[in-house]
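Peer 1: Start counting the sequence shown at 37; every next residue gets the next number (the working numbering). Ideal placement from N, C-alpha and C gives every residue a C-beta, glycine not left out. Note that this is a predicted model, so its numbers are computed, not measured.
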Amino acid sequence: MVTPTSAQLRIRDHRQLNLLAIAPAGCGKTEALALRIQGLLERGVIVPPRKILVTTFSNRARDNIRERIQTYIPPAQLRDRVSISNFHGLSTRIIRAHATVIGIDPEAVLPENDWIGEQCRRRGLHYKAIGVVQELFRQIKQEPVDDLEVERRLADAGNNHALEIERLRKNENRLTYDDLPRLAELILQNDGVADLYRNHFAAVVVDEFQDLTPQQLRIVNRIGDQRTTYAGDLAQGIYGFAGARPIEINRAVRAECDEVIEFSDSHRSSPAVLRMVNSLAPRTGGQQLNSAAPESWPGGGLAGIATFATVAEEAEWATKLSRAVLTRAPMHRIGIISRIASRRRFADEAIIASGLPYHRWDDGVLDTDTARVMKAMLSQIDIRELAKAADPLEFLRVAANLESIQDPSGREALVDALIWCHDLLADGHSPAAVKSRIRVGDNTTLITVPGVHLLTGHVGKGQQFDWVIVIGAEEGCIPDFRATTKDALAEEARVLSVMISRARHGAVVMRAQSVPAASSGVAYSKQESQFLASLRTSNPHDLGGIIEWFKTTDWGVIGLFRVECGVR
Numbered sequence: 037m038v039t040p041t042s043a044q045l046r047i048r049d050h051r052q053l054n055l056l057a058i059a060p061a062g063c064g065k066t067e068a069l070a071l072r073i074q075g076l077l078e079r080g081v082i083v084p085p086r087k088i089l090v091t092t093f094s095n096r097a098r099d100n101i102r103e104r105i106q107t108y109i110p111p112a113q114l115r116d117r118v119s120i121s122n123f124h125g126l127s128t129r130i131i132r133a134h135a136t137v138i139g140i141d142p143e144a145v146l147p148e149n150d151w152i153g154e155q156c157r158r159r160g161l162h163y164k165a166i167g168v169v170q171e172l173f174r175q176i177k178q179e180p181v182d183d184l185e186v187e188r189r190l191a192d193a194g195n196n197h198a199l200e201i202e203r204l205r206k207n208e209n210r211l212t213y214d215d216l217p218r219l220a221e222l223i224l225q226n227d228g229v230a231d232l233y234r235n236h237f238a239a240v241v242v243d244e245f246q247d248l249t250p251q252q253l254r255i256v257n258r259i260g261d262q263r264t265t266y267a268g269d270l271a272q273g274i275y276g277f278a279g280a281r282p283i284e285i286n287r288a289v290r291a292e293c294d295e296v297i298e299f300s301d302s303h304r305s306s307p308a309v310l311r312m313v314n315s316l317a318p319r320t321g322g323q324q325l326n327s328a329a330p331e332s333w334p335g336g337g338l339a340g341i342a343t344f345a346t347v348a349e350e351a352e353w354a355t356k357l358s359r360a361v362l363t364r365a366p367m368h369r370i371g372i373i374s375r376i377a378s379r380r381r382f383a384d385e386a387i388i389a390s391g392l393p394y395h396r397w398d399d400g401v402l403d404t405d406t407a408r409v410m411k412a413m414l415s416q417i418d419i420r421e422l423a424k425a426a427d428p429l430e431f432l433r434v435a436a437n438l439e440s441i442q443d444p445s446g447r448e449a450l451v452d453a454l455i456w457c458h459d460l461l462a463d464g465h466s467p468a469a470v471k472s473r474i475r476v477g478d479n480t481t482l483i484t485v486p487g488v489h490l491l492t493g494h495v496g497k498g499q500q501f502d503w504v505i506v507i508g509a510e511e512g513c514i515p516d517f518r519a520t521t522k523d524a525l526a527e528e529a530r531v532l533s534v535m536i537s538r539a540r541h542g543a544v545v546m547r548a549q550s551v552p553a554a555s556s557g558v559a560y561s562k563q564e565s566q567f568l569a570s571l572r573t574s575n576p577h578d579l580g581g582i583i584e585w586f587k588t589t590d591w592g593v594i595g596l597f598r599v600e601c602g603v604r
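#1: If we call anything under 7 Å between Cβ atoms a contact, is E527 one with G276?
#2: What's the gap between the Cα of E185 and the Cα of V534?
#3: Along the chain, where does the alpha helix (DSSP H) that runs through K587 open and close?
#4: In this structure, what does DSSP give as the bridge partners for E298?
#5: Report all residues from its chain with a CB closer than 7 Å to the CB of V470; omit the five preceding and five following residues, and keep chain order.
#6: When DSSP builds the beta bridges, which residues end up paired with E349?
#7: Give a yes or no on whether the C-beta atoms belonging to A543 and A280 are separated by under 7 Å.
#8: Candidates L190, A68, G273 and E385: which alpha carbon is nearest S42's?
#9: Which class does R263 belong to by DSSP, given the choice of helix, strand or coil?
#10: Please state if the CB of R48 and the CB of G80 are separated by a distance shorter than 7 Å.
#11: Going by the DSSP bridge assignment, what does Y108 pair with across the sheet?
#12: Mapping DSSP to helix, strand and coil, what is G493?
#13: Please name the residue in P515, L357 and N54 whose C-alpha comes closest to that of D261.
#14: Let's see if you can read the secondary structure: which residues bound the beta strand (DSSP E) around L89?
#15: Buried or exposed: which applies to T521, given that a residue is buried once 16 or more other Cβ atoms fall within 10 Å of its Cβ?
#16: Between the Cα of D452 and the Cα atoms of R304, L429 and Q442, which residue gives the shortest distance?
#17: Ends of the alpha helix (DSSP H) at F173?
#18: Could you check whether T355 and I387 sit closer than 7 Å to each other, using their CB atoms as the reference points?
#19: When DSSP labels each residue in this structure, what does V38 get in the three-state scheme?
#20: Which same chain residues end up closer than 6 Å to D398 when comparing Cβ atoms and leaving out the 5 residues on each side of it in sequence?
#21: For M546, which of G557, A554, S561 and S565 has the nearest alpha-carbon?
#22: Please classify M546: does DSSP put it in a helix, a strand, or coil?
#23: Give, in chain order, every unbroken run of the beta strand (DSSP E) that is at least 3 residues long and sits entirely within the stretch 366-406.
#24: Please check the pair R364 and G595, which I expect to be a contact at CB under 8 Å, by giving their CB distance rounded to whole angstroms.
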């Protein structure tokens, strides 16, 4: 058990049930929430049989906070007094118990995968068209509207694919991930049901409040208004594309909570990395962070910005830096991170050709049985027949003999793998190329294994690496060309901040002056990202300074450091 900080103890001992904890990356948020729950239980604030409801955004976050809570309260007390769930799980619980309140079937088929995306692929829709359909569903279903109103709004939008998919969903009596919180909110509008949940849960804890959609906040408020502990950091709010509204939610939560406790000491990152993160704070809405133990970081850590004429040079130097780290510290993890996967493709190619151990997070990490089925299918598939198929996804299902898989978890894993395979084949990858990208393992493989990790900024949120190399710091990439409003640009700055803040020892931000287009391959001149002006105020090294830092820093000490995976 770690020794709590003064801020963590303040959260544990806070007497009121409503509280906002601003806890940037690496500042001990999860530990603070575990202590908060311990304090509520030990002070007798929560009287049996009432419970504490803890909401998270992912199964991994759910498991992580459960593990921390177990260090402070006995297992029986955790089981009987604390309910931990992600929002889909909470919504499902509400629907199963009270669906008849709004006249729907409580036994409707629950979602197991991206059913909307699957139906789009069955219709032969490509990436952009699928995105339009999914965004339309998201916008409509994040409002408290019933099925009839959903269908009316889809008809008004004039998207026949979306309308047909919605009618199919109702005919098959199934729910999608967008339906779960929509229906839960409608049910909780019934005062009798809301009272049941308010009486059952005496307090609510929300992890990563900045990722809440307005819909999710309305659900939380119906259950725990004025009795909720929110924890998170506005500077990490990067899910606007999924409906999150960090600035709006931050304003609402601050209005609800009587007290705000702010963390500013980072236990994750070196002083150099923190200076880069701090330089973006005026754009991200974040706060200034300090290293909890600045003297413990060899060389004070590394911060760098490097400009290259071409993407080939950028990729070459990303590889050189990765090799330099792994030669000196073989057990370290390096994250090569880009805003979008296509901008990272040049670094991917260079790393793969280098012989360095690498792990591309876009690739399929499959269990042994699913990997075997997929490899066998890809070895035999006729790509010409696939191209002629009216329903390419169904063609792949038949080729993989999906119907022969009886185990539900095995079927779900294979369905997800087939969708991943379908999208790569649709993008022009050969079956052999897709087969070569299959890895055997599970999600912990990516989280723990040393070497080079290739990923995007959104996927990397919540992770940490010993070193981070950010690729593609150009206008149009980061910030994304679609970010044209003040709020959108602020979110892009937060994406960059999140990428940099994944690093413990060092972060290097790279950009190229000429970048080929993903579609045509024609190279275009690119202006540097507007965010580099802010980063330069942190006094980062240039390429020469980065090389000198590598030569002069005590790698004997650095090699003893290793990311404690999963700690936030």
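Peer 2: Quick look at the numbers:
#1: yes
#2: 38 Å
#3: L579 to T588
#4: I58
#5: L414, C457, L460 and L461
#6: Assignment of beta-bridge partners to E349 by DSSP yields no partner.
#7: no
#8: For the set L190, A68, G273 and E385, the Cα lying nearest the Cα of S42 is the one of A68.
#9: coil
#10: no
#11: Note: Y108 sits in no beta bridge, so no partner.
#12: helix
#13: N54
#14: Where L89 is concerned, the enclosing beta strand (DSSP E) starts and stops at K87 to T92.
#15: exposed
#16: L429
#17: Y163 to K177
#18: yes
#19: coil
#20: A377
#21: S565
#22: strand
#23: Within the stretch 366-406, the complete beta strand (DSSP E) segments of 3 residues or longer fall at 369-374 and 394-396, listed in chain order.
#24: About 6 Å separates the Cβ atoms of R364 and G595, confirming a contact at the 8 Å cut-off.
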